[in-house]
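Heads up, the sequence shown is in our numbering, so the first residue is 1405 and it goes up one at a time.
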Amino acid sequence: MKLTKNILLFSALLTLAFSCKNEEKPVVNSETEKVTEVKNEVNRVEPPYWWIGFKDKSLQLLVNHPNISEATPSMSYEGVSIKKVNKADSPNYLFIDLEISETAKSGQFNIHFKFKDNTELVQTYQLKDREQAADQFVGFDSSDVIYLITPDRFSNGNPNNDSIEGLQEQGVDRSHDYKRHGGDITGITNHLDYINNMGFTQVWSCPLLTNDMKNGSYHGYAITDYYQVDPRFGTMEEYINLSHKAREKGMGMIMDQVANHCGVSHWWMKDLPFKDWVNQQSKFENGEPLNNSNHRRTVNQDLYASKQDKKEMNEGWFVPSMPDLNQRNPFMAKYITQNSIWWIETLKLSGIRQDTYPYPDKDFMSSWAKSIMTEYPNFSIVGEEWSYNP
1405 MKLTKNILLF
1415 SALLTLAFSC
1425 KNEEKPVVNS
1435 ETEKVTEVKN
1445 EVNRVEPPYW
1455 WIGFKDKSLQ
1465 LLVNHPNISE
1475 ATPSMSYEGV
1485 SIKKVNKADS
1495 PNYLFIDLEI
1505 SETAKSGQFN
1515 IHFKFKDNTE
1525 LVQTYQLKDR
1535 EQAADQFVGF
1545 DSSDVIYLIT
1555 PDRFSNGNPN
1565 NDSIEGLQEQ
1575 GVDRSHDYKR
1585 HGGDITGITN
1595 HLDYINNMGF
1605 TQVWSCPLLT
1615 NDMKNGSYHG
1625 YAITDYYQVD
1635 PRFGTMEEYI
1645 NLSHKAREKG
1655 MGMIMDQVAN
1665 HCGVSHWWMK
1675 DLPFKDWVNQ
1685 QSKFENGEPL
1695 NNSNHRRTVN
1705 QDLYASKQDK
1715 KEMNEGWFVP
1725 SMPDLNQRNP
1735 FMAKYITQNS
1745 IWWIETLKLS
1755 GIRQDTYPYP
1765 DKDFMSSWAK
1775 SIMTEYPNFS
1785 IVGEEWSYNP
């Protein structure tokens, strides 16, 4: 009997030892590698930087580089650890889950990507201090008066950026409804007093992010890079300055964001990370005809709507030039949410106007809004509904 008890005790200890060994736990680094030189050897890392001090301590980095999935990432920065490394269906992506602890401080650290042949790529990443407290991101209400701007049609403050080499749509033609007319961020900044003197308290601009489309790029809703200002509108510095100058005059900035779709010329459309990154992806990749949305927005709230109607509404492309993003993919969902927070923090926004709000996945939109309001309790979010009977 005593022997049996000893065997059972030994087995229990052995099981415990193995379970502890196999359990994934984030390791908080106690030592920090000193960054002596900023390195950008990886094609793309998004978000391009982040902040300390959020309630959500997780951060997921999208890393894009040829065959990066064959590399093993590592880093050494006190208070920050790699929790998990996720491979995509494409070998050219990694999704790295970081954990940023309460003790983490702002600064730079290197992420090392080591390949099996002992070659290595190094990417410097930055964590910033938040410049204002979460409760200082104050939204808008019924007392506000909002001025809506289509930037390309407002004021051309810098004719030098009307055409940018390398982009598909060139030139300005103000005689054509669908061509670019040359308006830009400088034009808006130059007219802030004009807007303010009319009594407006919030400025809402159509999207200012890169729309590198063959035509119709003026409206901004076919985004081809979610972290870049369209150079025909200006620079990131000019966008930040616009927001700063507006706040100085007592006006908030509302950003027009697009979670439902991107532009067909988005950089990732040539090499999609996962097989379900966009809806109807196999049809797109095989050159087959795509189904557009049936635009039956009422099915989102209709308990008796058919599954087919719901599927066609949520998975159909808005138009053929705008791929429908699949927010049911958890990496896409995280990407969109982090992108929204990145812009709120970068521009000190007062609110978001979410384009085509009924079209993305309903459950995702709920969790997206919750994530934002958790970080910014006084923030404002509105969504587009463009029918009289939604």
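Backbone N, C-alpha and C define an ideal beta-carbon position, used for all residues, glycine too.
May I ask you to report which of helix, strand or coil DSSP gives residue i?
{"i": "W1454", "result": "strand"}
{"i": "I1768", "result": "The amino acid occupying residue 1768 in the given sequence is Phe; Ile does not appear at that position. Helix at F1768."}
{"i": "R1757", "result": "strand"}
{"i": "R1448", "result": "strand"}
{"i": "L1751", "result": "helix"}
{"i": "K1425", "result": "Caution is warranted here: a pLDDT of 34 is assigned to K1425, below 50, making its placement in the model unreliable, and the coordinate value is therefore given only provisionally. Helix at K1425."}
{"i": "N1369", "result": "An answer regarding residue 1369 cannot be provided, because it is not within the stretch 1405 to 1794 covered by the chain."}
{"i": "I1627", "result": "coil"}
{"i": "Q1606", "result": "strand"}
{"i": "Y1598", "result": "helix"}
{"i": "W1671", "result": "helix"}
{"i": "G1720", "result": "coil"}
{"i": "Q1661", "result": "strand"}
Can the beta-carbon of residue i be found closer than 8 Å to that of residue j?
{"i": "G1720", "j": "N1704", "result": "no"}
{"i": "F1678", "j": "A1475", "result": "no"}
{"i": "S1480", "j": "E1437", "result": "yes"}
{"i": "Q1464", "j": "D1521", "result": "no"}
{"i": "P1781", "j": "D1539", "result": "yes"}
{"i": "V1439", "j": "F1513", "result": "yes"}
{"i": "N1743", "j": "M1736", "result": "no"}
{"i": "L1612", "j": "I1589", "result": "yes"}
{"i": "Y1529", "j": "Y1453", "result": "yes"}
{"i": "L1676", "j": "S1473", "result": "no"}
{"i": "I1644", "j": "L1571", "result": "no"}
When burial is assigned at 16 or more other CB atoms within 10 Å of the CB, is residue i buried or exposed?
{"i": "L1753", "result": "buried"}
{"i": "D1765", "result": "buried"}
{"i": "L1466", "result": "buried"}
{"i": "P1470", "result": "exposed"}
{"i": "M1717", "result": "buried"}
Measure the C-alpha to C-alpha separation of residue i and residue j and round it to an integer number of angstroms.
{"i": "G1511", "j": "K1583", "result": "43 Å"}
{"i": "V1549", "j": "R1557", "result": "21 Å"}
{"i": "K1429", "j": "K1487", "result": "Caution is warranted here: a pLDDT of 42 is assigned to K1429, below 50, making its placement in the model unreliable, and the coordinate value is therefore given only provisionally. Computed Cα separation, rounded: 7 Å."}
{"i": "H1580", "j": "Y1622", "result": "12 Å"}
{"i": "E1450", "j": "G1691", "result": "29 Å"}
{"i": "Y1763", "j": "M1769", "result": "9 Å"}
{"i": "S1791", "j": "Q1758", "result": "15 Å"}
{"i": "E1789", "j": "Y1761", "result": "7 Å"}
{"i": "K1774", "j": "H1670", "result": "27 Å"}
{"i": "M1659", "j": "S1547", "result": "19 Å"}
{"i": "E1689", "j": "M1726", "result": "14 Å"}
*Would you list, in sequence order, the uninterrupted alpha helix (DSSP H) runs of no fewer than 4 residues that lie entirely inside the stretch 1478–1546?*
Complete alpha helix (DSSP H) runs here, min 4: none at all.
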